Amino acid sequence: MNGGSGNDELTGGGSIDLFIFNTNQEFDSDDIGTDVITDFNSGQDRILLDLRTFTALDSSPGIGLSEDDFAIVSSVDDGAISEAEIVYNSVSGALYYNPNGTEDGFGIGGEFVNLGGGTDLVAGDFQVR
Numbered sequence: 030m031n032g033g034s035g036n037d038e039l040t041g042g043g044s045i046d047l048f049i050f051n052t053n054q055e056f057d058s059d060d061i062g063t064d065v066i067t068d069f070n071s072g073q074d075r076i077l078l079d080l081r082t083f084t085a086l087d088s089s090p091g092i093g094l095s096e097d098d099f100a101i102v103s104s105v106d107d108g109a110i111s112e113a114e115i116v117y118n119s120v121s122g123a124l125y126y127n128p129n130g131t132e133d134g135f136g137i138g139g140e141f142v143n144l145g146g147g148t149d150l151v152a153g154d155f156q157v158r
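Going by my numbering, the sequence shown opens with residue 30, and the numbers climb by one from there.
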């Protein structure tokens, strides 16, 4: 499923789901919006990040996120200073793109998905293309 531009609600259903995030251009938080995934199942579903949109990622296409590219935090402030490019707030469920690393804030990035608080998420739940 591809939410495309804008804010969308995505529900995959009971089978294995692939949620695609790609705007065919460099990440722009105003363009990509914040999608809500209502039923993400860690270890089964995948979030696909396209390198044309998520240009700061160092992970290789065809695999999950590297340990350097992904972090789990418990507050927005911790996320905004994380070294990782993809940051998950396990309390709020917000998934952020953080292309400027440890610099203050998210740079041109920001929240692009919300999974709902308490949803499990690991680096292996992602695929990069």
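Beta carbons are placed, not taken as given, at the ideal position from N, Cα and C, and that holds for glycine. Values in this document were obtained by computation on a predicted structure and should not be read as measured data.
Problem set entry | Straight-line gap, Leu-39 to Thr-131 (C-alpha atoms, nearest Å) | Looking up residue 39 in the sequence shown gives position 10. Looking up residue 131 in the sequence shown gives position 102. Between Leu-39 and Thr-131, the C-alpha separation is close to 30 Å.
Problem set entry | Contacts around Gly-153, its chain only, beta-carbon distance under 6 Å, and the 5 residues preceding and following it disregarded | For this step, residue 153 is matched to residue 124 along the sequence shown. Excluding positions up to five away in sequence, the list reads Gly-93.
For this session: Given a cut-off of 8 Å, decide if Gln-156 and Arg-81 are closer than it, judged by their beta-carbon atoms.
Result: Taking the first residue of the sequence shown as position 1, residue 81 is located at position 52. Taking the first residue of the sequence shown as position 1, residue 156 is located at position 127. No, the Cβ-Cβ distance between Arg-81 and Gln-156 is not below 8 Å.
Problem set entry | Separation of Pro-90 from Asp-106, as counted between CA atoms | Position 77 of the sequence shown, counting from 1, holds the residue named residue 106. Position 61 of the sequence shown, counting from 1, holds the residue named residue 90. So the alpha carbons of these two residues sit roughly 29 Å apart.
Problem set entry | Beta-ladder partner(s) of Phe-48, from DSSP | On the sequence shown, residue 48 is found 19 positions in, with the first residue counted as 1. Paired residue(s): Ile-76.
Exercise. In whole angstroms, what is the alpha-carbon distance linking Thr-52 and Gly-62?
Worked result: In the sequence shown, the residue the question calls residue 52 occupies position 23. In the sequence shown, the residue the question calls residue 62 occupies position 33. Looking at the two C-alpha atoms, the distance is approximately 11 Å.
Problem set entry | Proximity of Tyr-126 and Leu-150 at Cβ, strictly below 8 Å | Here residue 126 refers to the residue found at position 97 of the sequence shown. Here residue 150 refers to the residue found at position 121 of the sequence shown. Taking 8 Å as the Cβ cut-off, Tyr-126 and Leu-150 do not qualify as a contacting pair.
Exercise. Asp-64 by DSSP, collapsed to three states: which one?
Worked result: To locate residue 64, count along the sequence shown from 1; it is residue 35. The answer is strand: DSSP assigns Asp-64 an E or B state.
Exercise. In its own chain, which residues sit with a C-beta less than 6 Å from the C-beta of Ala-100, not counting the 5 before and 5 after it?
Worked result: Here residue 100 refers to the residue found at position 71 when the sequence shown is read from its first residue. Cβ within range, chain order: Ser-111, Ala-113, Val-116.
For this session: Under 8 Å Cβ to Cβ from Leu-77, same chain only, skipping five residues before and after it: list those, please.
Result: In the sequence shown, counting from the first residue as 1, residue 77 sits at position 48. Once the five neighbours on either side are set aside, the close Cβ partners of Leu-77 are Leu-47, Phe-48, Ile-49, Phe-50, Asn-51, Phe-155, Gln-156, Val-157, Arg-158.
For this session: Kindly indicate which three-state DSSP category Gly-139 falls into: helix, strand or coil?
Result: Position 110 of the sequence shown, counted from the start, is the residue given in the question as residue 139. Here Gly-139 sits in strand by DSSP.
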